[in-house]
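Here's the structure we're looking at; comments come further down.
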Amino acid sequence: MCLEKEALLEVRNLKTTFKTLRGQVTAVDGVSFCVGKGEILGIVGESGCGKSVTSQSIMRLYDEKQLVSYEGEILFEGEDLLRKSSKEMEHIRGMGISMVFQDALSSLNPLYSVGEQIVEMICCHKAVSKKQAWKTAENMLRLTGIPAPEERVHAYPHELSGGMRQRAMIAMALACEPKFFIADEPTTALDVTIQAQIMDLIIELNQKLGMGIMLITHDLGVVTQTCQRVIIMYLGHIVEEGRVEDIFDRPLHPYTIGLIKSIPTMNTKKGEKLYMIKGTVPALSEVTKGCRFCSRCDYATDKCRAEDPELVAFNESQSVRCHYAGKLTRTEAV
Ligand SMILES: Nc1ncnc2c1ncn2[C@@H]1O[C@H](COP(=O)(O)OP(=O)(O)O)[C@@H](O)[C@H]1O
Ligand SMILES: [Mg+2]
């Protein structure tokens, strides 16, 4: 469900299957969602739930045909990216869609200055002079709040702090003014104050540049300040989707309920143990025919173990994949 009238990105029934030595695994299994122009969509779930595979499938970063297969459609401005040639995808990456990854240090080349890397990116995609590209690089660093960008543009990645490197990565990703920006856990390796600054920066850039943004995080708390809508993923499925305020007011899926309960609040006392969802995300090879969450769910019944529920619309803005959606009482919920 898109709140915006015009969808910038529409993913329809995406399935990404890897061939591994131990057989095939479908890491993203029938995922559909859309992001409106200028909207910030959050994607949340624990590690291993398929968030990065979803984003890297959109960018078509796994393109070795023999090792990965995609099914479904990824419509970007109405055109299916799964039907684009590698050459066309090269153009779309950077100009149309760009992405920052979790680990900025390993994504930047240690042998080149930050400016050289941004300039290379610009010159790959745009017919501009080197001089203009250097000016844009400096301006992009300024836009991301890097102090003294005219000096920092010549710095090497190791000369910058973690927060600065992440800003430099964002500057590089935005240098060609993409219409859609994917931030895959952009602050995981950073401390909390820098995390908050980077999130503020993402909101500011969204407002200034009007890009559609997909923000991936394992921290549901982060989406409250940043996103309009959120998708909760579990083991390759969307288990809940809706407006952020609706999801927090009335989470419907036991997994969402668990994620909300585990966010520390102002009332959390020092030393108090935070709530934890029992167990861990199982391997994809352990997926059984029932609900994927049932091994960790406090409310699971025989029906849950036997039958995988569908994702269904609960109301006009919220969808959920649970046989008992809306039947868990508010006190049980949070
Ligand atoms: N290239 C790959 N080959 C096989 N399995 C993969 C590959 N990349 C990811 N996976 C599997 O897909 C699942 C989802 O991974 P991922 O999307 O990285 O999770 P996360 O939600 O933490 O970003 C995991 O079980 C992971 O092991
Ligand atoms: Mg990931």
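The sequence shown begins at 0 in numbering that gives the first Met the number 0 and counts up one residue at a time.
Quick reminder that beta carbons are idealized off the backbone N, C-alpha and C, glycines included.
No experiment lies behind these values; they were computed from the predicted model shown.
- Query: Smallest Cα separation from I42: which of E239, R295, V311, G278?
  - Reply: E239
- Query: Is E76 near ligand 2, in the sense that its beta carbon is under 7 Å from a heavy atom of that ligand?
  - Reply: no
- Taking the C-alpha atoms as reference points, what is the distance between K302 and G22? 29 Å
- On the premise that G235 lies in contact with D28, defined as a C-beta separation below 8 Å, what is that separation, rounded to the nearest angstrom? 4 Å
- Task: Quick one: residues in its chain with C-beta nearer than 8 Å to the C-beta of M120, no 5 flanking neighbours on either side, listed in chain order?
- Result: Taken in chain order, the residues that qualify are G93, M171, A174, C175.
- Item | C-alpha distance - R291 paired with A282, whole-angstrom precision | 11 Å
- Task: Check whether the Cβ atoms of M98 and I181 sit closer than 8 Å, and answer yes or no.
- Result: It is a contact, given that the beta carbons lie within the stated cut-off.
- Item | Where T346 falls: helix, strand or coil (DSSP) | Here the chain comprises residues numbered 0 to 333, so residue 346 is not present and cannot be evaluated.
- Message: Pull the bridge partners of Y254 from the DSSP assignment, please.
- Response: Y254 is not bridged to any residue.
- Query: Between which two residues does the alpha helix (DSSP H) containing L219 stretch?
  - Reply: 219–225
- DSSP three-state assignment for H322, whether helix, strand or coil: coil
- Message: So within the segment 70–153, which uninterrupted beta strand (DSSP E) runs reach at least 3 residues, ignoring any that extend past its ends?
- Response: 96–99
- Message: For R82, count the other beta carbons within 10 Å of its own beta carbon; 16 or more makes it buried, fewer makes it exposed. Which is it?
- Response: exposed
- Item | C-alpha distance - H153 paired with V127, whole-angstrom precision | The C-alpha of V127 is placed about 20 Å away from the C-alpha of H153.
- Query: How long is the line joining the alpha carbons of G220 and I246, rounded to whole angstroms?
  - Reply: 12 Å
- L8 and S56 closer than 8 Å at C-beta: no
- Unbroken beta strand (DSSP E) run spanning L7, endpoints: 6–19
- Heavy atom of ligand 1 within 7 Å of F17 beta-carbon: yes
- Task: Decide yes or no for the touch test of the segment 182–194 against the segment 159–169: beta carbon pairs closer than 8 Å, at least 3 of them.
- Result: Touching, yes.
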